[in-house]
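A.B. asks: Every letter in the sequence shown is one number past the one before it in the working numbering, and letter 446, counting from 1, is 575.
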Amino acid sequence: METINTTLLIIGGGPAGYVAGIRAGQLGIPTVLVEGAQPGGTCLNIGCIPSKALIHAADEYAKTVHYAAQTSPLGIRVDAPSIDLEKTVAWKDGIVKRLTGGVGALLKKQGVRVIRGWARVLDGKTVEVQPHEGSGQEPVRIRCEHMLLASGSHAVELPFMPFGGPVISSTEALSLSEVPRRMVVVGAGYIGLELGTAFRKLGSQVTVVEAAERILPAYDADLVKPVASSLERLGVEVRLATSVLGMEGERVKVRDASGVEAYLEADRVLVAVGRKPATTGWGLEHLMLDMNGRAVKVDEQCRTSMRNVWAIGDLTGEPMLAHRAMAQGEMVAEIIAGKRRWFHPAAIPAVCYTDPEIVVAGMSPGEAAAAGIDAISASFPFSANGRAMTIESTDGFVRVVARKDNHLILGWQAVGVGVAELAAGFTQSIELGAQLEDVARTIHAHPTLGEAVQEAALRALGHALHI
Ligand code: FAD
Ligand code: NAD
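Below is the structure:
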C-alpha cells in the first residue's frame with residue numbers, strides 16, 4: 130500500500146475542514162485533505178446552501194400564488210401559477226455544483242492534496258483511506274504530524290421511526306421530485322421550521338409536531354412570536370408539547386401532554402430533531418479522546434486530549450453552525466503555522482431562515498440577567514420603519530442589550546423579513562466593543578432596515594427619534 134507523509138492531515142472537507150485546508154495551504158503547510166463524500170460537506174451539499182435555495186424558490190412561488198389570488202394591493206396580477214419541483218431541485222443542484230467545484234479549485238490553488246475516500250483512523254498519526262468503490266484507486270495510508278478531525282455531524286434518527294420510505298431527513302427533503310401533498314414535520318427547530326415553511330409555501334399541507342411547549346425553544350419568546358403568527362397565517366398546523374409515537378401505515382401516531390392520542394396522515398415525515406457529532410464508524414474510538422457528551426472535547430485552541438490531534442466544527446458540538454466551523458478551521462491552521470491564536474469570539478451570530486427571519490448575536494436580556502449583569506435593553510419595531518413598509522413587512526423588531534453602567538453592547542436580536550443581513554453589523558459592534566453611543570451616532574443609510582438598529586440604540590439611551 131502507498132504511504133503518503135504530510136505535515137497536516139485533515140479528515141473531512143466540510144466548512145471546518147476545507148477552510149482549514151485553504152488557510153494551511155496559504156501558510157505553506159504541506160496538507161492532505163480526505164473527503165469521503167463531496168467537498169463542501171453538509172453545508173454546501175445537503176445543508177445551508179441547498180436549504181436556502183429551496184426557501185428562496187418557495188418564497189418566489191408563494192408570491193405568485195398570492196398575486197394569483199388577485200388581492201395584492203400592489204396591482205400585480207398573475208394567472209394560474211404552477212411549480213415543477215424537479216426543475217427547482219435541478220437549479221438548486223446547479224448552485225451546489227458551482228460552490229463545491231469552487232471549494233475543490235480553491236484547495237488546489239493552495240496546493241492542498243485532496244484524496245477522495247473514507248479515512249479510517251489507525252492511531253493519532255496514521256489513517257488508511259478506502260477509495261470509493263469502482264473508482265479504480267488503491268487504498269492509501271497517510272502518516273502525519275498533525276491530525277485535524279472535521280468529520281461533521283449526522284441527523285438524529287428516532288429509534289422507533291428510522292429513516293427510510295416516507296420517513297426522511299433534511300437530505301431527502303432537499304431533493305424530492307414532487308411536492309408532498311401532506312407532510313408531517315417532527316421538531317420545530319431550525320430545520321423543521323425552515324423546511325416546513327418552505328413546503329407549505331410550495332403547496333404541502335404541513336403539520337409540525339414539537340415536544341417542547343413552544344416553537345424554536347432555543348430562542349426567547351418575544352423573538353419567536355412573529356414566526357408563530359406567520360405559521361398560523363400560512364396555514365401550518367403546529368402541535369406543541371406533543372410526542373411522536375411511531376408510524377402506523379401512512380399515519381403518524383402522536384400523543385399530547387394530556388395523554389390524548391391522534392393520527393396524522395402523511396405522505397412524507399420529515400424528522401428534524403437535531404444533529405449528532407460524527408464520532409463513530411471510522412476508528413475515532415481508537416484514540417480514546419476525552420469527550421464532552423456526544424462531541425469531541427476541545428480546549429480554546431481546538432486541541433483534543435491527544436497531542437497534535439485537533440478537532441473542529443460540528444464534531445466538537447454546539448453551536449453546530451458553518452461559520453463557527455470555518456472560524457475554528459482557519460484558527461487551527463494558523464496555530465499549526467506558529468501563530469498565537471485562541472477561539473474567543475465575543476459573539477457567534479445565528480440566523481434562523483424562517484418567515485420572518487430571526488437573527489441573534491451575543492446576549493439576550495434573559496442571558497444578561499442570568500449572568501448577573503445589570504443590563505438595559507430596548508427595541509425598535511419595523512412598523513415604524515419606512516423601508517419595512519415599502520417591502521410590505523412591518524412585523525418584527527430590532528432589540529439591543531447593553532451594560533447599564535458603561536453602555537457596552539452585549540447583544541442584538543432581530544426578527545423580520547431580511548434581518549439575516551443585519552448579522553454582520555451586530556457581530557462587528559460586539560466584537561469591536563462598541564457602546565450604545567457609537568451605534569446611535571453612526572449615520573445609517575435611509576431608507577434601510579438598518580435604521581431600526583440605530584433607533585434601538587437611541588431608544589436604549591432614552592431618545593429614539595422615530596417612535
Ligand atoms: P460537515 O459539513 O458535516 O462536513 C464533514 C465532512 O466530513 C463531510 O463532507 C463528510 O463526508 C466528511 N467525513 C466524515 N467522516 C469522514 C471520514 N472518515 N473520511 C473522510 N471524510 C469524512 N449552518 C449555518 O451556519 N447556517 C445555515 O443556514 C445552516 N443550514 C443548515 C441546513 C441544514 C438542512 C443542515 C443539515 C445543516 C445546516 N447548517 C447550517 C449546519 C451546517 O451545515 C454545519 O454546521 C456545517 O456543515 C458543519 O461543518 P463541518 O465541516 O463541521 O461538518
Ligand atoms: P434543532 O435542535 O434546531 O431543533 C430540534 C427540535 O426538535 C427542537 O425544537 C426539539 O425540542 C425538537 N425535538 C427533539 N426531539 C423531539 C421529538 N422526539 N419529538 C418532537 N420534537 C422533538 O435541530 P434541527 O432543526 O434538526 O437542526 C440541527 C442543527 O442544524 C441545528 O441545531 C443547527 O445547528 C443546524 N442548522 C442551522 C441552521 C441555520 O443556521 N439557519 C439551519 C438548519 C440547521
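Even glycine gets a Cβ: it sits at the ideal position worked out from N, Cα and C. As the structure is a prediction and not an experimental result, all values here were calculated from the model.
1) Could you name each continuous alpha helix (DSSP H) segment of 4 residues or more that falls completely within the stretch 162 to 209, going from the start of the chain to the end?
2) Helix, strand or coil for Ile-477? Go by DSSP, reduced to three states.
3) Residue ranges of each beta strand (DSSP E) run of no fewer than 3 residues wholly in the stretch 294 to 322, ordered along the chain?
4) CB-CB under 8 Å to Phe-627, same chain, minus the five flanking residues each way: which ones, in chain order?
5) Let me confirm a value: Leu-173 is counted as buried when at least 16 other C-beta atoms fall within 10 Å, else exposed. Which label applies?
6) Would you decide whether Glu-131 is buried or exposed? Buried here means 16 or more other CB atoms lie within 10 Å of its CB.
7) Tell me whether Ser-512 sits in a helix, a strand or coil according to DSSP, three-state version.
8) Could you please give the first and the last residue of the uninterrupted beta strand (DSSP E) stretch that includes Tyr-392?
9) May I ask you to check if the CB of Trp-247 is nearer than 8 Å to at least one heavy atom of the ligand FAD?
10) Could you give the DSSP three-state label for Trp-541: helix, strand or coil?
11) Given the structure, does Ala-465 come close to the ligand NAD, in the sense that its CB is under 8 Å from one of the ligand's heavy atoms?
12) Between the stretch 497 to 504 and the stretch 475 to 486, are three or more C-beta pairs nearer than 8 Å?
13) List the whole-angstrom C-beta distance separating Lys-330 from Asp-213, where the pair is believed to meet the contact cut-off of C-beta under 8 Å.
14) With H, G and I counted as helix, E and B as strand and the rest as coil, what does DSSP make of Asp-484?
15) If you measure between the beta carbons of Tyr-176 and Val-163, is that distance less than 9 Å?
16) To the nearest whole angstrom, what separates the beta carbons of Arg-397 and Met-312, a pair I think is in contact under 8 Å?
17) Does the distance from the C-beta atom of Val-529 to that of Ser-512 stay below 9 Å?
18) If contacts are defined as beta-carbon pairs under 8 Å, then Val-356 and Arg-343 qualify, I think. What distance do you get, rounded to the angstrom?
19) According to the Cβ coordinates, are Leu-393 and Phe-289 closer than 9 Å?
20) Would you kindly check if the distance between the Cβ of Thr-160 and the Cβ of Thr-136 is under 9 Å?
21) Using a threshold of 8 Å, is the CB atom of Val-480 nearer than that to any non-hydrogen atom of the ligand NAD?
22) Which partner residues does Leu-369 have in the DSSP bridge list?
23) Output the boundary residues of the alpha helix (DSSP H) element that contains Ile-465.
24) Can you tell which of Val-544, Gly-316 and His-536 has the C-alpha that lies nearest to the C-alpha of Leu-587?
25) Tell me whether Met-449 counts as near the ligand NAD, meaning its Cβ is closer than 8 Å to at least one heavy atom of that ligand.
26) State yes or no: is the C-beta of Ala-475 nearer than 8 Å to some heavy atom of the ligand FAD?
27) Could you have a look at Asp-351 and say whether DSSP puts it in helix, strand or coil?
28) So Asp-252 is in the beta strand (DSSP E); what residue range does that whole segment cover?
29) Let me know if Glu-584 comes out buried or exposed under the rule of 16 or more other beta-carbons within 10 Å of its beta-carbon.
30) Just to confirm, are Ala-149 and Ala-462 a CB contact at a threshold of 9 Å?
31) With a threshold of 8 Å, establish whether the CB of Glu-414 neighbours any heavy atom of the ligand FAD.
32) What's the call for Gly-231, buried or exposed, on a 16-neighbour Cβ count within 10 Å?
33) Leaving out the 5 sequence neighbours to the left and right, which residues in its chain are closer than 7 Å to Lys-382 when beta-carbon positions are compared?
34) Quick check on the burial criterion: 16 or more other C-beta atoms within 10 angstroms. Buried or exposed for Ala-186?
35) What span of residues does the beta strand (DSSP E) with Arg-563 cover, start to end?
36) Going by C-alpha to C-alpha distance, which of Pro-168, Gln-199 and Thr-217 sits closest to Tyr-190?
C.D. replies: Looking at the atomic coordinates:
1) Qualifying alpha helix (DSSP H) stretches, in chain order: 170 to 175 and 177 to 197.
2) As a first step, residue 477 must be located in the sequence shown, where it is residue number 348. When secondary structure is reduced to three states using DSSP, Ile-477 falls in the coil class, being assigned neither helix nor strand.
3) Whole beta strand (DSSP E) segments, 3+ residues: 311 to 315.
4) Limits of the chain in this structure are 130 at one end and 596 at the other, which puts residue 627 out of reach.
5) Locating residue 173 in the sequence shown gives position 44, where the first residue counts as 1. Classification of Leu-173: buried, given that the 10 Å Cβ count is 16 or more.
6) Looking up residue 131 in the sequence shown gives position 2. Glu-131 comes out exposed.
7) Position 383 of the sequence shown, counted from the first residue, corresponds to residue 512. Residue state, collapsed to three classes: helix.
8) Taking the first residue of the sequence shown as position 1, residue 392 is located at position 263. Run containing Tyr-392: 390 to 394, per the beta strand (DSSP E) assignment.
9) One-based indexing of the sequence shown puts residue 247 at position 118. Between the ligand FAD and the CB of Trp-247, the shortest heavy atom gap is smaller than 8 Å.
10) To locate residue 541, count along the sequence shown from 1; it is residue 412. Three-state DSSP puts Trp-541 in a strand.
11) Position 336 of the sequence shown holds residue 465. Per the sequence presented here, residue 465 reads as Ile, with Ala not at that position. For the ligand NAD, not one heavy atom lies less than 8 Å from the Cβ of Ile-465.
12) Using a C-beta cut-off of 8 Å, the stretch 497 to 504 makes no contact with the stretch 475 to 486, since fewer than three inter-stretch Cβ pairs fall below that distance.
13) The sequence position of residue 330 within the sequence shown is 201, counting from 1. The sequence position of residue 213 within the sequence shown is 84, counting from 1. In fact, because the Cβ distance is near 15 Å, the residues do not count as touching under 8 Å.
14) Locating residue 484 in the sequence shown gives position 355, where the first residue counts as 1. Three-state DSSP puts Asp-484 in coil, outside helix and strand.
15) Residue numbering aside, residue 176 sits at position 47 when the sequence shown is read from its first letter. Residue numbering aside, residue 163 sits at position 34 when the sequence shown is read from its first letter. Here residue 176 turns out to be Gly, not Tyr, going by the sequence shown. One thing to note: Gly-176 has its Cβ no nearer than 9 Å to the Cβ of Val-163.
16) Against the sequence shown, residue 397 aligns to sequence position 268. Against the sequence shown, residue 312 aligns to sequence position 183. Going by Cβ atoms, the distance from Arg-397 to Met-312 rounds to 5 Å, so yes, they are a contact pair.
17) The sequence position of residue 529 within the sequence shown is 400, counting from 1. The sequence position of residue 512 within the sequence shown is 383, counting from 1. Result no, Cβ atoms of Val-529 and Ser-512 do not sit closer than 9 Å.
18) On the sequence shown, residue 356 is found 227 positions in, with the first residue counted as 1. On the sequence shown, residue 343 is found 214 positions in, with the first residue counted as 1. About 10 Å separates the two Cβ atoms, so there is no contact after all.
19) The count along the sequence shown starts at 1 and reaches residue 393 at position 264. The count along the sequence shown starts at 1 and reaches residue 289 at position 160. No, they are not a contact pair.
20) For the purposes of this step, residue 136 is taken as residue 7 along the sequence shown, with counting starting at 1. For the purposes of this step, residue 160 is taken as residue 31 along the sequence shown, with counting starting at 1. In contact: Thr-136 and Thr-160 (Cβ atoms closer than 9 Å).
21) Taking the sequence shown and counting its residues from 1, one reaches residue 480 at position 351. For the ligand NAD, at least one heavy atom lies less than 8 Å from the Cβ of Val-480.
22) Position 240 of the sequence shown holds residue 369. Leu-369 is not bridged by DSSP to any residue.
23) For the purposes of this step, residue 465 is identified with residue 336 of the sequence shown, where counting begins at 1. From DSSP, the alpha helix (DSSP H) with Ile-465 extends over 451 to 465.
24) The residue given as residue 587 occupies position 458 in the sequence shown. Among Val-544, Gly-316 and His-536, the Cα nearest to that of Leu-587 is on His-536.
25) Translated into positions along the sequence shown, residue 449 becomes position 320. Yes, since a heavy atom of the ligand NAD falls inside the 8 Å radius drawn around the Cβ of Met-449.
26) The residue given as residue 475 occupies position 346 in the sequence shown. Answer for Ala-475: no, Cβ out of range of the ligand FAD.
27) As a first step, residue 351 is located in the sequence shown; it is residue number 222 there, counting from the start. In the displayed model, Asp-351 falls within a helix according to three-state DSSP.
28) Taking the sequence shown and counting its residues from 1, the one referred to as residue 252 is at position 123. 247 to 252 is the extent of the beta strand (DSSP E) around Asp-252.
29) Position 455 of the sequence shown, counted from the first residue, corresponds to residue 584. Result: buried.
30) By one-based count along the sequence shown, residue 149 stands at place 20. By one-based count along the sequence shown, residue 462 stands at place 333. In this structure, Ala-462 lies closer than 9 Å to Ala-149 by Cβ.
31) As a working mapping, residue 414 is identified with position 285 in the sequence shown. Taking the Cβ of Glu-414 as the reference point, every heavy atom of the ligand FAD lies at 8 Å or farther away.
32) In the sequence shown, the residue the question calls residue 231 occupies position 102. Burial call: exposed.
33) Position 253 of the sequence shown, counted from the first residue, corresponds to residue 382. Contacts found: Leu-374, Gly-375, Glu-390 and Tyr-392.
34) Position 57 of the sequence shown, counted from the first residue, corresponds to residue 186. Under this definition Ala-186 is a buried residue.
35) Within the sequence shown, numbered from 1, the residue matching residue 563 stands at position 434. Correcting the residue identity first, residue 563 is Ala in this sequence and not Arg. Under the DSSP assignment, Ala-563 falls outside any beta strand (DSSP E); it carries neither an H nor an E label.
36) Here the question's residue 190 lines up with position 61 in the sequence shown. The residue with the shortest Cα to Cα distance from Tyr-190 is Thr-217.
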